[in-house]
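Below is one structure, written out as structure tokens; comments come after it.
Number of protein chains: 2
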Amino acid sequence: MKYRIVIIEDNQQIREAFTVLLNLRTDFEVVQAYDNCENAIKNIVQDAPHIVLMDVDLPNMNGIDGTKIIKKLLPLTNIIIITVFENSKTVFDALCAGATGYLTKNSDKDRLIDAIDEVIRGGSPMSSKIARLVVQSFQKNTNSPLTIRETEILSQISEGKSYTTIADSLFISKETVKHHFKNIYIKLQVHNKADAIKKANQDRLI
Amino acid sequence: MKYRIVIIEDNQQIREAFTVLLNLRTDFEVVQAYDNCENAIKNIVQDAPHIVLMDVDLPNMNGIDGTKIIKKLLPLTNIIIITVFENSKTVFDALCAGATGYLTKNSDKDRLIDAIDEVIRGGSPMSSKIARLVVQSFQKNTNSPLTIRETEILSQISEGKSYTTIADSLFISKETVKHHFKNIYIKLQVHNKADAIKKANQDRLI
DNA sequence: CCGAGTATCCCCCAATTTGGGTGGTTTTTT
DNA sequence: AAAAAACCACCCAAATTGGGGGATACTCGG
Numbered sequence: 000m001k002y003r004i005v006i007i008e009d010n011q012q013i014r015e016a017f018t019v020l021l022n023l024r025t026d027f028e029v030v031q032a033y034d035n036c037e038n039a040i041k042n043i044v045q046d047a048p049h050i051v052l053m054d055v056d057l058p059n060m061n062g063i064d065g066t067k068i069i070k071k072l073l074p075l076t077n078i079i080i081i082t083v084f085e086n087s088k089t090v091f092d093a094l095c096a097g098a099t100g101y102l103t104k105n106s107d108k109d110r111l112i113d114a115i116d117e118v119i120r121g122g123s124p125m126s127s128k129i130a131r132l133v134v135q136s137f138q139k140n141t142n143s144p145l146t147i148r149e150t151e152i153l154s155q156i157s158e159g160k161s162y163t164t165i166a167d168s169l170f171i172s173k174e175t176v177k178h179h180f181k182n183i184y185i186k187l188q189v190h191n192k193a194d195a196i197k198k199a200n201q202d203r204l205i
Numbered sequence: 000m001k002y003r004i005v006i007i008e009d010n011q012q013i014r015e016a017f018t019v020l021l022n023l024r025t026d027f028e029v030v031q032a033y034d035n036c037e038n039a040i041k042n043i044v045q046d047a048p049h050i051v052l053m054d055v056d057l058p059n060m061n062g063i064d065g066t067k068i069i070k071k072l073l074p075l076t077n078i079i080i081i082t083v084f085e086n087s088k089t090v091f092d093a094l095c096a097g098a099t100g101y102l103t104k105n106s107d108k109d110r111l112i113d114a115i116d117e118v119i120r121g122g123s124p125m126s127s128k129i130a131r132l133v134v135q136s137f138q139k140n141t142n143s144p145l146t147i148r149e150t151e152i153l154s155q156i157s158e159g160k161s162y163t164t165i166a167d168s169l170f171i172s173k174e175t176v177k178h179h180f181k182n183i184y185i186k187l188q189v190h191n192k193a194d195a196i197k198k199a200n201q202d203r204l205i
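In the order they appear, the protein sequences are chains A and B. In terms of numbering that gives the first Met the number 0, the first sequence is residues 0 to 205. In terms of numbering that gives the first Met the number 0, the second sequence is residues 0 to 205.
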């Protein structure tokens with residue numbers, strides 16, 4: 000059985016190098032290589048790839064938007080982003096768009112092959128820095144100015160709950176919740192829910 | 000220069016096997032190996048490790064809570080979780096607690112060495128399945144019942160904003176925002192903000 | 001043992017928000 | 001041309017929010 004691979008990359012040399020490299024593997028088959036998303040999207044359902052290698056910086060439609068559309072057309076296809084961009088916005092946009100892996104272009108040829116094998120094994124290949132970025136996005140500030148209770152309450156307000164609902168869930172009075180909010184607002188130097196949640200997210204308090 | 004490593008693992012055989020294995024590397028030094036978190040925490044500041052290998056299933060305090068405390072004491076120390084648990088709750092709890100990497104115990108010996116090297120290079124080593132779990136946590140439902148506008152508005156309410164604030168940010172009337180909410184509530188079959196946000200998170204709509 | 005910090009609860013009040021109903025128009029997409 | 005999406009308006013009652021007071025009790029470290 001051959002894994003069907005589609006490449007979307009506007010640099011002709013890279014495109015051809017990838018094609019040659021991947022076709023060396025008897026279990027890989029590069030079914031198409033496109034230099035833009037628009038053409039790829041027209042034919043991708045016909046191509047029926049298991050895996051797509053996607054550049055981000057493409058003429059007209061970029062690889063992030065392309066990823067969204069392809070995932071909509073072929074939800075089971077795994078898309079690996081291959082790009083020079085290492086900034087967190089691009090990374091998280093790509094993952095939110097549905098990318099399974101994210102490699103930076105400086106990686107050597109073996110890394111590309113490894114990444115595809117990794118995807119086939121059910122993994123999500125990422126460059127070192129990308130993996131760290133992703134993991135760090137889960138981590139909270141170790142030096143929060145808020146108490147445990149205040150953090151708990153702030154966390155619940157961020158779920159859209161009202162004072163009353165929070166009070167019920169914590170088995171305390173609504174007045175107590177209000178009181179905690181007064182303190183939260185003072186500590187975070189804000190005057191309403193929205194700003195408190197914004198600041199809490201910025202400072203990774205919740 | 001030697002990287003100082005602390006091991007926290009209650010199984011004596013594994014603990015000793017790790018110690019021997021890591022000490023084979025001239026640039027690694029296992030400074031201590033503990034069988035529980037409590038003792039580790041007492042001495043960890045003295046040990047001043049660059050890297051901690053942490054089990055999850057420990058007597059008394061578990062490895063997740065141990066990770067939180069150690070990260071509080073030594074924010075720069077990188078903690079690699081090594082466990083049999085692959086369920087998503089444990090994984091995300093560990094990452095939120097401040098773990099830098101997450102390996103499953105079936106991995107072979109080379110994988111452990113690789114993981115430490117990966118951490119030193121600034122990466123976040125993860126087993127295949129774990130990486131996929133983590134990446135999937137960013138991905139949205141490709142088949143949302145909501146329109147773009149409705150999704151945008153729901154997303155803003157989840158940031159704690161009021162109808163008025165949302166209206167201003169989108170340059171539309173407050174009445175229009177209300178109208179969209181009516182449709183959102185019908186589509187999601189809920190009757191208030193909190194339930195809408197809950198359902199949106201469950202179904203990965205935002 | 002004292003004081004700071006935390007957590008709990010209560011009252012007052014005014015402005016805002018919310019969710020439900022009704023009814024539309026205009027623009028975009030198919 | 002029909003359907004879907006986005007837009008706007010008015011009514012209303014209940015709930016929520018944020019600000020101000022003030023009170024009691026527990027815990028932890030110096």
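The beta-carbon is built from N, C-alpha and C at its ideal position, and this holds for glycine as well.
Paired residues, beta bridge with residue i - DSSP
{"i": "A/I152", "result": "Its beta-bridge partners do not exist; DSSP assigns none."}
{"i": "A/E28", "result": "A/R3"}
{"i": "A/I50", "result": "A/I4, A/N77"}
{"i": "A/G100", "result": "A/I79"}
Proximal chain A residues relative to residue i, where beta-carbon distance stays under 7 Å
{"i": "B/K181", "result": "In chain order: nothing, as chain A lies at least about 17 Å away."}
Beta-carbon neighbours of residue i, restricted to chain A and to distances below 9 Å
{"i": "B/P74", "result": "T141, N142"}
CB contact below 8 Å: residue i versus chain B
{"i": "A/F91", "result": "yes"}
{"i": "A/I196", "result": "yes"}
{"i": "A/A130", "result": "yes"}
{"i": "A/K70", "result": "yes"}
{"i": "A/T103", "result": "no"}
{"i": "A/L94", "result": "yes"}
{"i": "A/A193", "result": "yes"}
{"i": "A/G97", "result": "yes"}
Closer than 7 Å at the beta carbon, the chain B residues around residue i
{"i": "A/S157", "result": "G159"}
{"i": "A/S127", "result": "E117, R120, G121, G122"}
Min CB distance residue i to chain A below 8 Å
{"i": "B/F137", "result": "yes"}
{"i": "B/A114", "result": "no"}
{"i": "B/V133", "result": "yes"}
{"i": "B/G65", "result": "no"}
Cross-chain neighbours of residue i in chain B, by beta carbon under 8 Å
{"i": "A/T82", "result": "The premise fails here: A/T82 is roughly 16 Å from chain B at the closest Cβ pair, so nothing lies under 8 Å."}
{"i": "A/T164", "result": "A193"}
### Query
Counting pairs of beta carbons, one from the region 43-54 of chain B and one from the region 0-17 of chain B, are three or more of them closer than 8 Å?
Output reads yes: the region 0-17 of chain B touches the region 43-54 of chain B.
### Touching by the beta-carbon criterion (3+ pairs, under 8 Å), the region 112-123 of chain B and the region 126-135 of chain A
Taking 8 Å as the limit for Cβ pairs, the verdict is that the region 126-135 of chain A does touch the region 112-123 of chain B.
### Message
Quick test of the definition: if touching needs 3 or more C-beta pairs under 8 Å, does the region 86-103 of chain A touch the region 70-77 of chain A?
### Response
Output reads yes: the region 70-77 of chain A touches the region 86-103 of chain A.
### Task
Let me know the alpha helix (DSSP H) ranges lying completely inside the region 103-188 of chain B, each 4 residues or longer, listed in chain order.
Fully enclosed alpha helix (DSSP H) runs of 4 or longer: 108-119, 127-135, 147-156, 162-169, 173-187.
#### Entry: Touching by the beta-carbon criterion (3+ pairs, under 8 Å), the region 143-150 of chain A and the region 183-197 of chain A
In the pairwise beta carbon analysis, the region 143-150 of chain A is classified as touching the region 183-197 of chain A: at least three pairs are separated by under 8 Å.
### Message
Between the region 163-183 of chain B and the region 195-204 of chain A, can you find at least three pairs of beta-carbon atoms closer than 8 Å?
### Response
Verdict: no, contact absent.
### Task
Evaluate contact between the region 129-148 of chain A and the region 138-146 of chain B, counting only Cβ atoms and requiring at least three cross-stretch pairs below 8 Å.
By the Cβ criterion, the region 129-148 of chain A is not in contact with the region 138-146 of chain B, since fewer than three pairs of Cβ atoms, one from each stretch, lie closer than 8 Å.
### Task
Assess, as a yes-or-no matter, whether the region 23-34 of chain B is touched by the region 5-13 of chain B under the definition of 3 or more beta carbon pairs within less than 8 Å.
By the Cβ criterion, the region 5-13 of chain B is in contact with the region 23-34 of chain B, since at least three pairs of Cβ atoms, one from each stretch, lie closer than 8 Å.
### Message
I'd like to know if the region 56-67 of chain A and the region 101-108 of chain B are in contact, where contact means that at least 3 CB-CB pairs between them fall below 8 Å.
### Response
No: the two stretches stay apart, fewer than three of their Cβ pairs being nearer than 8 Å.
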